[in-house]
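This report concerns only the one structure given below.
Number of protein chains: 4
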Amino acid sequence: MVVVLKQNVSPSEVAEINRRLEGFGFSPRLLGKRRNNIVIDIDIEPDVLKGLDLQTLPWVERVVPLNNPFKLASREVRGENSVVRVGRAAFGDGSVTLIAGPCAVESRKQLLEAARLAAIGGAKVLRGGAFKPRTSPYSFQGLELEGLKLLTEAAAETGLATVTEVVDERSLEMALDYVDMVQVGARNMQNFQLLRAVGRVEKPVLLKRGMSATVKEWLMAAEYIMSEGNEDIVLCERGIRTFEQQYMRNTLDLSVVPLVKQLSHLPVIVDPSHATGRRDLIIPMARAAVAAGADGLIVEMHPRPDEALCDGKQSLSPDEFGQLSRDIEMVSRALGRVF
Amino acid sequence: MVVVLKQNVSPSEVAEINRRLEGFGFSPRLLGKRRNNIVIDIDIEPDVLKGLDLQTLPWVERVVPLNNPFKLASREVRGENSVVRVGRAAFGDGSVTLIAGPCAVESRKQLLEAARLAAIGGAKVLRGGAFKPRTSPYSFQGLELEGLKLLTEAAAETGLATVTEVVDERSLEMALDYVDMVQVGARNMQNFQLLRAVGRVEKPVLLKRGMSATVKEWLMAAEYIMSEGNEDIVLCERGIRTFEQQYMRNTLDLSVVPLVKQLSHLPVIVDPSHATGRRDLIIPMARAAVAAGADGLIVEMHPRPDEALCDGKQSLSPDEFGQLSRDIEMVSRALGRVF
Amino acid sequence: MVVVLKQNVSPSEVAEINRRLEGFGFSPRLLGKRRNNIVIDIDIEPDVLKGLDLQTLPWVERVVPLNNPFKLASREVRGENSVVRVGRAAFGDGSVTLIAGPCAVESRKQLLEAARLAAIGGAKVLRGGAFKPRTSPYSFQGLELEGLKLLTEAAAETGLATVTEVVDERSLEMALDYVDMVQVGARNMQNFQLLRAVGRVEKPVLLKRGMSATVKEWLMAAEYIMSEGNEDIVLCERGIRTFEQQYMRNTLDLSVVPLVKQLSHLPVIVDPSHATGRRDLIIPMARAAVAAGADGLIVEMHPRPDEALCDGKQSLSPDEFGQLSRDIEMVSRALGRVF
Amino acid sequence: MVVVLKQNVSPSEVAEINRRLEGFGFSPRLLGKRRNNIVIDIDIEPDVLKGLDLQTLPWVERVVPLNNPFKLASREVRGENSVVRVGRAAFGDGSVTLIAGPCAVESRKQLLEAARLAAIGGAKVLRGGAFKPRTSPYSFQGLELEGLKLLTEAAAETGLATVTEVVDERSLEMALDYVDMVQVGARNMQNFQLLRAVGRVEKPVLLKRGMSATVKEWLMAAEYIMSEGNEDIVLCERGIRTFEQQYMRNTLDLSVVPLVKQLSHLPVIVDPSHATGRRDLIIPMARAAVAAGADGLIVEMHPRPDEALCDGKQSLSPDEFGQLSRDIEMVSRALGRVF
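Chains as they are written, first to last, in the numbering used here: chain S, 3 to 341; chain C, 3 to 341; chain G, 3 to 341; chain Z, 3 to 341.
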């Protein structure tokens, strides 16, 4: 059971309501703020609740019976969609928001070219990896600080916002000075220390689904971040690991888009690049994601995919990116959405 | 390596070309017709091939180097899309074709109501199970012959074509007299005897993907049917089995739509009802399927879902079906496709 | 809720008890015999039951509250282990019983050699495929009738019992005259028509787990067979399909051995050959299966694996088979079991 | 291709061989030491190699053609089994080594009781979580420093070595002063920063397989650690995530035991507690693990499982732990192994 307090209750009022709940025999637990509302969790059976008439307590806005283990992230606690703003971009306001850029920041030339293409194609956010979590310790691991600086430069020139993956507290600290949004990658979705760390900063977080994470575990990862105070989370489906591995890198689980929008108020976007691992499937799956109701897309694009230092096979060429942009536009408009 | 002969070669000419190929030291294998072209399979390395100049042999239309184990079903053997016609409906001609109806035929009243709703909503084919493969031997197993007769009656009244699942040679034989298309269900996708049996009849086949079938195995199942002579196959993605089982029945693997259209010339449709198992996810996933390029959809719908004898949770109500129809229309039109 | 009647109740007594149960307002359903005990299923809540005192009814042996959808197959309905006898072999009596032989019957010479090796190595049952369900329609499909005759001949010479896979009613009918046990393969585990057909014959059935079948579905497949009257079922775990596909064909799910023995009274054996698909993993996994409590093993073995027409990579050579035999013996003895 | 140098080559000799390899046109990469041998990686095709006769170069012990992406961890680079010593315990020397203890350190009383039981049952290493990675931010997260101190105390009293999970650099640093072995958990198997960090310390590492990690990814995680200099790694299979979730928490993938021992020289143990999540399956699966060739086991045990703060359902009671110990002993002895 979750008790959502009215906005602007004072700390002493919170203390007072806590005392009263303890008076009923509960062990109330302050979950943190949910968009200006303080939320208190208590263990109580729904039928016990009826007799208590908690709703009539001063400062209580709503009492929500909740079966989910995720609380701050759950739709029941907050009815309207959360809107997460990153620079000019907004996720969750009904529009279709595109994040684009190369897998890794490789050079000034590469990134600036990519950023210009992204801007022309209607992207609002530039992606680019400065810290690359690679399966092999012998693969290219990213330009680190130099990559972050190039992202800032590309953002300044094009007006795009920027997002980059962080992999530990050190890279997070470095990234905070340079980018507008930080990403927690699929392999770190249950790196709870990292989740807590991004929960304590004031940048929006792009939270990718782990490659074998259930929807519940994914929303619990968001709950970890929110429990530390940061509520600006954009969820991102990027394909799950299944038995089909001959033709595609992962299996894009697109049904989670409408599902998550029922379970949670958080925006959800789709990464068709990592999901399929094939350049030729990205455009149709991007169209499908928009049609399924995704709040946006993140795609890999490279001025010259054949020269990419990582993930070239799944990076769109400039021409393909133009096609993607036109297709998204078409589907968005048909569904009355702005791209 | 596959040799596609010109159309209208005579049996004696086929015998002659076989002799010549044997003269080169091959063991040619006649695979059967592929839309009026006879196809011959030979084991040969591409570099050996160059010296032979098979293309200059009389009656040879094309020589196709082929790495796939599926041959008649492969895009390389037939470049253009195959169009499968079922009554007024066509699959594979660029249009979006809707199959709708109840999980099981339950009664005359139920089926006729469903058929009328289907027709109004733009469906071209009526689905309805007369032989139900159920996990439990104690569950309702279908009306069998009576169900087939009701399908015929509903078709006559509404002008819809009909499709029903067959589960063995006996049900296939019964269904042939009553329906326009036969379905091989997910659980029977590797029931090779059944595949061979539907390969010998002259009705189009709706071939569902097995719940843990790779794309290759699915296309090999189509190859089984085609190897017996029946080339009128519509593939159907209906969700695969993954680790996520709390919120959804299966995981809709929508990326196979553009993938299969690259690997094969056969049309492919999507079943969002079985894929998700949740009424509230069907409409967004139907939109997504069309946006991904599916040649059509098959959805479960019931005049009164709460009274359904099977799969009520995933059956659309009449109102929801109307919404589905409008949404498909919208997305189809945006992509320049006819629904 | 399931009511197990005493042994040797007469048909008229069954009719009488049915009438009484109907008198209480139930719709009793006769599930068939369970090892000489007739079992009746009724829908009733446990707390309603208490008032009725069904246990005091004449002819009632036990009343079993049952949450499983499988009933005749469930441990609750029959406490002791079922013992399935096939020739000299017994499954479920605590001994470790070995089935061995080639993937496919290829020739008289091959099969006789394999049978002699099997007998020397302590196998009690000879396996050999006469009807091969192959992924490709162009692969070797088995010797059919000739293969069955060779199995009979090899059995006569070596004193082994025989088992072969059946794939439809026609092959089942043919096999009945020649072999001692029929196998339903993984791909047909939910071919309910075939399950019913083997449920009507009087031969023991080896029921392989489907490659993505849950334990519940597997036991429901056994229930299908039992609901038709055949209770002589040996379950066989043969590996499931998972994301790991680089090094092994399937993932051997050995934990189902102790699990199934808790859920059901039916014997369960293990097929390490199909599970791993690698000759070099079969012996350790065979040892592990015995240590986990399996009632037996089925392994592929070939006099000359390199010449095998199918599955040569997973067929043990005569020497390896000798090693397997010694290893099984060693582990069995340590656990106080007879091999 | 990997070049293994002779032991005791000097830095200047390494520089010299590097120059020579560069003289041949290669870009040699120093991988680090492998048990006193320096290993150099060069990109070269096997047929090019033959002409070079690298084996005759001074200081070269062996030249190993290597297809695996893991190098230091691969069996080809080191033929004999690596033996990892933790206190009195050894992993990889042919013996069966048992790690036991509670999921989490909860209190002095609980841990000391558990430690005494572990020692009596033949365990050589005490496990106990001080930093618990929990799915929910609201669950018990471990006693941290206090837990580490209790582990040290319990070790001092019983003579057991200790292992505890670390979750980031901070917990690693804390743990180094208190325990004999650090564990990287399944959720952190691809937390590359953590892998690198444990690669730089001089404690043995217990590396659990990620819940959807392929064998290749698992060995690459070991390679990350080894590439930083720490070669004392014990691999641990703890169950993978599959579609079967009704009866078991994970699917124990026991076949990886003999597989990994072929691919790598590192020892591999099995965790039947997390793999099955059911107390009643742990003993049979522990027996099976030993029979499959595992170098040891790690099991959860609690003086009073019903009071456990986490994972009580999968914790053995003292009596069950005694049974486990006797069963392991029996199977070990039958296979000529010391427990």
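We put the beta carbon where it would ideally sit given N, CA and C, even for glycine. In this text, all values refer to a predicted model and were calculated from it rather than measured experimentally.
- Does DSSP put G/G149 in a helix, in a strand, or in coil? helix
- Do C/L68 and C/V4 have their CB atoms nearer than 9 Å? yes
- Taking C-beta to C-beta, are Z/L147 and Z/Q185 nearer than 9 Å? no
- Report the residues of the region 212-224 of chain S with a CB closer than 8 Å to any CB of chain C, ordered along the chain. S214, T216, V217, K218
- Query: Any beta-carbon of chain C closer than 9 Å to the one on G/S229?
  - Reply: yes
- Message: Along the chain, where does the alpha helix (DSSP H) containing Z/A121 start, and where does it finish?
- Response: 110-122
- Query: Using a beta-carbon distance cut-off of less than 7 Å, what residues from the region 188-211 of chain Z approach chain S?
  - Reply: R189, N190, Q192, N193, F194, Q195
- Report the neighbours of C/S257 on chain D: residues whose CB is nearer than 9 Å to its CB, in chain order. No chain D is part of this structure, whose protein chains are labelled S, C, G and Z.
- Task: Per DSSP, which residues does S/N70 bridge with? Please list them.
- Result: None; S/N70 has no bridge partner.
- Under the assumption that G/A224 contacts G/V259 (Cβ atoms under 8 Å), give the Cβ distance between them as a whole number of angstroms. With a Cβ gap of about 15 Å, G/A224 and G/V259 do not count as contacting.
- Message: Under 9 Å, Cβ to Cβ, is there at least one residue of chain S near C/D273?
- Response: no
- Whose C-alpha, out of G/P320, G/T253, G/G314, G/V11, is nearest the C-alpha of G/T244? G/T253
- chain C partners of Z/R243, CB-CB under 7 Å? F245
- Query: Beta-carbon of C/D55 versus every beta-carbon of chain G: anything under 9 Å?
  - Reply: no
- With respect to the alpha helix (DSSP H) encompassing G/Q185, which residues constitute its N-terminal and C-terminal limits? It is not in any alpha helix (DSSP H) - G/Q185 instead sits in the beta strand (DSSP E) that spans 183-186.
- Task: Determine, using beta carbons only, whether C/V4 comes closer than 9 Å to chain G.
- Result: no
- If you drop the 5 nearest sequence neighbours on each side, which residues of the same chain put their C-beta closer than 6 Å to that of C/R90? K126
- Under 7 Å Cβ to Cβ from G/S173, same chain only, skipping five residues before and after it: list those, please. F133
- Query: Which of the three DSSP states, helix, strand or coil, is assigned to Z/V98?
  - Reply: coil
- Assigned secondary structure, Z/N20 (DSSP; H/G/I helix, E/B strand, else coil): helix
- Query: Skipping 5 residues on each side, what residues in its chain have a beta carbon closer than 6 Å to that of C/R78?
  - Reply: The question names Arg, but residue 78 of chain C is Glu in the sequence shown. Once the five neighbours on either side are set aside, the close Cβ partners of C/E78 are V66, L68.
- Task: Could you pull out every residue in the same chain whose Cβ sits closer than 6 Å to the Cβ of C/N70, ignoring the five residues on either side in sequence?
- Result: S76
- Let me know if Z/L32 comes out buried or exposed under the rule of 16 or more other beta-carbons within 10 Å of its beta-carbon. exposed
- Message: Three or more C-beta pairs under 8 Å: does that hold for the region 110-122 of chain G against the region 232-239 of chain G?
- Response: no
- Item | Outcome for G/A1 when other beta-carbon atoms lying within 10 angstroms are tallied against a minimum of 16 | Here chain G has residues from 3 to 341 only, and residue 1 of chain G is not among them.
- Item | CB of C/L150 within 9 Å of CB of C/D179, strictly | yes
- Message: With a threshold of 9 Å between beta-carbons, can C/R280 be considered close to chain S, or not?
- Response: yes
- Partner residues on chain Z for G/Q248, Cβ-Cβ distance less than 9 Å: T216, V217, K218
- Residues that G/R198 bridges to, as DSSP identifies them: For G/R198, which the question treats as bridged, DSSP gives no partner whatsoever.
- Taking G/V169 as part of the beta strand (DSSP E), name the residues at either end of that continuous run. Taken as a continuous stretch (DSSP letters only), G/V169 belongs to no beta strand (DSSP E), as it is neither H nor E.
- Item | Inter-residue CB distance, S/R289 and S/K315 (contact presumed, cutoff 8 Å) | Going by Cβ atoms, the distance from S/R289 to S/K315 rounds to 20 Å, so no, they are not a contact pair.
- Message: Rounded to whole angstroms, what is the Cα-Cα separation between S/E108 and S/Q325?
- Response: 24 Å
- Message: Can you pull out the residues from the region 125-139 of chain S whose beta carbon lies closer than 8 Å to at least one beta carbon of chain Z?
- Response: P135, R136, T137, S138, P139
- Spatial neighbours of S/E246 in its chain, beta-carbon cut-off 7 Å, leaving aside the 5 residues before and after: T253
- Note down, in chain order, each residue of its chain lying with its Cβ closer than 7 Å to the Cβ of Z/L221, except the 5 sequence neighbours on either side. F72, A75, L265, S266
- Start and end of the beta strand (DSSP E) containing Z/E239? 235-239
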